[in-house]
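Chemist: With the working numbering, letter number 22 in the sequence shown gets 22, and the count goes up by one each step, no holes. Backbone N, C-alpha and C fix where the C-beta goes; we use that ideal spot for every residue, glycine too. All of these numbers come straight from a predicted model, not from anything done at the bench.
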Amino acid sequence: APESIQLNLPTPGRTDIQLDLVKIENLYQGVNVIEASTGLPADVDMGVHYRGTVVNDPSALVAISFNDGEMSGLITSPSLGNLVLGKLPASGRGNLGSDTYIVYEDDDIWARESFECGTPDTGAGYTREQLTEPVQGRSADDCVRIYFEVDHDIFLNKGSTSATVNYV
1 APESIQLNLP TPGRTDIQLD LVKIENLYQG VNVIEASTGL PADVDMGVHY
51 RGTVVNDPSA LVAISFNDGE MSGLITSPSL GNLVLGKLPA SGRGNLGSDT
101 YIVYEDDDIW ARESFECGTP DTGAGYTREQ LTEPVQGRSA DDCVRIYFEV
151 DHDIFLNKGS TSATVNYV
């Protein structure tokens, strides 16, 4: 896990792009993973993560992660759009997917998806005071920042707690 790397990435329908990346330290500081089966904290390898830019595109933002021998990431800029990098799942047809990665524009996928939020927005909004004043008897740092709960089918598909956490 070097402190910085350059990565040449082939992209669909255009020339390869050169990524300049630097390692991110302490990305998961304060993250707790609890396994539902035991209710105990899990020992999870959080992988190695990098951020950076595209050479000759200073407006680009890049995030690349290496977890369990796999690479995934996102590259975004006004000129490139949003490029997603990920490993294809094994297809059962020869070796396709076993070591095969894909780079695609997310617009190609999301354009086909329709989304409707099923939760009505009928509640009263928060006041400025509620958002800025500390709650009596609580410190500002004891709140859950983000909470994820993952169904067992994802755990079965990924094969381990570490792989599931890194997928999420």
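1. Where are the beta strand (DSSP E) runs, 3 residues long or more, that stay fully inside the region 39–105, in chain order?
2. According to the Cβ coordinates, are Leu27 and Ile34 closer than 9 Å?
3. On a CA-only basis, which of Asp68, Asp20, Pro2 and Gly118 is nearest Thr164? Give me that one, please.
4. Span of the alpha helix (DSSP H) holding Asp153?
5. For Thr119 and Gly81, what's the separation of their Cα atoms in angstroms?
6. Taking all protein chains shown into account, do 16 or more other C-beta atoms lie within 10 angstroms of the C-beta of Asn32, making it buried, or fewer, making it exposed?
7. Please state whether the Cβ-Cβ distance between Asp57 and Ser79 is less than 9 Å.
8. What are the start and end residues of the beta strand (DSSP E) that includes Ser4?
9. The alpha helix (DSSP H) spanning Leu131 covers which residue range?
10. Tell me whether Asp20 sits in a helix, a strand or coil according to DSSP, three-state version.
11. With distances taken from CA atoms, which of Leu61, Leu85, Ser114 and Ala60 is nearest Tyr101?
Modeler: In terms of the structure at hand:
1. For the region 39–105, whole beta strand (DSSP E) runs of length 3 or above, ordered along the chain, are 48–54, 57–67, 70–77, 81–87 and 101–105.
2. Remark: C-beta atoms of Leu27 and Ile34 do not approach each other more closely than 9 Å.
3. Asp68
4. His152 to Lys158
5. Taking the CA atoms as reference points, Thr119 sits about 30 Å from Gly81.
6. Flag for Asn32 reads exposed.
7. Yes, the pair counts as a contact, with Cβ atoms nearer than the cut-off.
8. Bounds of the beta strand (DSSP E) holding Ser4 are Ser4 to Leu9.
9. Arg128 to Thr132
10. strand
11. Leu85
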